[in-house]
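Worksheet: one structure, shown below.
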Amino acid sequence: MLRFFGGWLAAMTAMLLFICPSSQAAEPPQKAVEPPQSVSILLYHRLGPDHADDMTVTTPVVESQLKLIQERGYHVIPLKSLLAALADPAAPLPERSVVLTADDGHKTVYTDLFPLIKKYQIPVTLFIYPSAISNPSAPYAMTWEQLAEMKASGLVDIQSHTFWHPNFKIEKKRLAPAAYEKFTQDQLVKSKTVLEQKLGIKVDQLAWPFGIYDDQLIQWAQAAGYVAAYTIDRRAVTRADKMMALPRSIVTDADRGARFEALLTAPK
Ligand SMILES: [Zn+2]
Numbered sequence: 075m076l077r078f079f080g081g082w083l084a085a086m087t088a089m090l091l092f093i094c095p096s097s098q099a100a101e102p103p104q105k106a107v108e109p110p111q112s113v114s115i116l117l118y119h120r121l122g123p124d125h126a127d128d129m130t131v132t133t134p135v136v137e138s139q140l141k142l143i144q145e146r147g148y149h150v151i152p153l154k155s156l157l158a159a160l161a162d163p164a165a166p167l168p169e170r171s172v173v174l175t176a177d178d179g180h181k182t183v184y185t186d187l188f189p190l191i192k193k194y195q196i197p198v199t200l201f202i203y204p205s206a207i208s209n210p211s212a213p214y215a216m217t218w219e220q221l222a223e224m225k226a227s228g229l230v231d232i233q234s235h236t237f238w239h240p241n242f243k244i245e246k247k248r249l250a251p252a253a254y255e256k257f258t259q260d261q262l263v264k265s266k267t268v269l270e271q272k273l274g275i276k277v278d279q280l281a282w283p284f285g286i287y288d289d290q291l292i293q294w295a296q297a298a299g300y301v302a303a304y305t306i307d308r309r310a311v312t313r314a315d316k317m318m319a320l321p322r323s324i325v326t327d328a329d330r331g332a333r334f335e336a337l338l339t340a341p342k
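Residue numbers (this note's numbering): 75 to 342.
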């Protein structure tokens, strides 16, 4: 009888041992959620000694940001490398990578950012609206000679930001549909043509002025020969993003230390 009871106890213990792990397994698996693969595209406008406005990042802050990128083991990759990875569904997005861009062709991109580009040997893409370049009524902008010099460094790629940076929302309200279509196509085509002729480059990327775009604008931009376009949505690019509306994060003077580092990591 005792032997029988002992056997029964052993059987119950074995059952309990069996039940307990299985009841644990019934809980939701505590698997670490992998963040989606992403690459941030950072966007600068103006540099300089003073924080003149919201679009200015002071030059020492930009340099500290470039140092932080290096210290944290990030690689600054050319925008074209990110596009190539996005175009190949089998390729992983580049790890610990970041892309740098600067819009509008402000003269401080030449005087302040270009020396840093050379010092740190980093690739940068500039989005330019050609109407301002070497234009006496736009003294804030760079000259064609400065753009050519930056291009010749081999570190700077130059792409389109339309011809004169219109606000497409305002123009759509202001113009009749046919006139709006012609206006938009001129902005898209003329920018590409002038940049290609003046600098001897191929232009097939577009930064939407003020980040404004819609399906119609995307269609016209594609018809004009653009294969990728960029917004200002302040998050990192993932494979879920459309090639004609890839987000970029505007960098501000307040983006220092951990706040800047957060711009480099996962999508918001
Ligand atoms: Zn702009």
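Don't be surprised by glycine CBs; every beta carbon is placed ideally from N, CA and C.
Along the chain, where does the beta strand (DSSP E) that runs through ASP231 open and close? Note, ASP231: beta strand (DSSP E), 230-234.
In angstroms, rounded to a whole number, what distance separates the CA positions of ILE191 and HIS235? When rounded, the distance between both Cα atoms is 21 Å.
At least one CB of chain B closer than 7 Å to the CB of ALA176: is that the case? In the structure shown, chain B does not exist; there is a single protein chain.
In angstroms, rounded to a whole number, what distance separates the CA positions of ARG322 and ASP307? Between the C-alpha atoms of ARG322 and ASP307 there is a straight-line separation of about 6 Å.
Cutting at 6 Å between CB atoms, please list the residues of its own chain near THR130, excluding the five before and the five after it. Its chain contains ARG120, GLY122 as the residues whose beta carbon lies nearer than 6 Å to that of THR130, once the 5 sequence neighbours on both sides are disregarded; these appear in chain order.
Option nearest PRO240 by Cα separation, candidates SER265, PRO283, VAL183, TYR254: Closest by alpha carbon: PRO283.
Do LEU280 and ALA303 count as a contact pair if the criterion is CB distance below 7 Å? Closer than 7 Å, so yes.
Kindly indicate the opening and closing residues of the beta strand (DSSP E) around ILE202. For ILE202, the enclosing beta strand (DSSP E) stretches over residues 198-202.
As a quick check of your reading: which residues have a C-beta less than 6 Å from at least one non-hydrogen atom of ligand 1, in chain order? Listed by position in the chain, the residues whose beta carbon lies within less than 6 Å of some heavy atom of ligand 1 are ASP177, ASP178, HIS235, HIS239, PRO283.
Quick one: is ASP288 buried, meaning 16 or more other Cβ sit within 10 Å of its Cβ, or exposed? It counts as exposed.
GLN271 versus LEU221, ALA161, ALA310, residue with shortest Cα-Cα distance: Of LEU221, ALA161, ALA310, the residue nearest in Cα terms is LEU221.
Considering only residues of the same chain and omitting the five flanking positions on each side of ALA165, which have a CB-CB separation below 7 Å? Sequence-distant Cβ neighbours of ALA165 in its own chain, meaning closer than 7 Å and more than five residues away, are ALA159.
Under the criterion of a Cβ to heavy atom distance below 6 Å, does LYS264 qualify as lining ligand 3? This structure lacks ligand 3; the ligands present are ligand 1.
For ASP178, the nearest candidate out of LEU167, PRO189, ILE143, ALA215 (CA to CA): The residue with the shortest Cα to Cα distance from ASP178 is ALA215.
Name the DSSP bridge partner or partners of ALA126? According to DSSP, residue pairing for ALA126 in a beta bridge does not occur.
Throw me the rounded Cβ distance for the ILE324 and LEU269 pair, which I believe falls under 8 Å. Contact between ILE324 and LEU269 does not hold, since their C-beta atoms are separated by about 23 Å, which reaches or exceeds 8 Å.
For ILE115, report the span of its beta strand (DSSP E) as first-last. Residues 114-118.
Helix, strand or coil for THR258? Go by DSSP, reduced to three states. DSSP places THR258 in the helix class (H, G or I) of the three-state scheme.
Apart from the five residues just before and just after ASP327, which ones in its own chain have a Cβ nearer than 7 Å to its Cβ? Once the five neighbours on either side are set aside, the close Cβ partners of ASP327 are HIS125, THR130, VAL131, THR132, VAL135.
For GLU137, collect the residues of the same chain with a Cβ closer than 7 Å to its Cβ; drop the 5 residues on either side in sequence, then sort them by chain order. Cβ within range, chain order: LEU190.
Quick one: is VAL113 buried, meaning 16 or more other Cβ sit within 10 Å of its Cβ, or exposed? Here VAL113 is buried. Its C-beta has 16 or more other C-beta atoms within 10 Å.
Candidates GLY331, ALA314, ARG309, of which the one nearest LEU116 by Cα: LEU116 has its Cα closest to that of ARG309, out of GLY331, ALA314, ARG309.
Bridge partner(s) assigned by DSSP for THR175: Per DSSP, LEU117, THR199.
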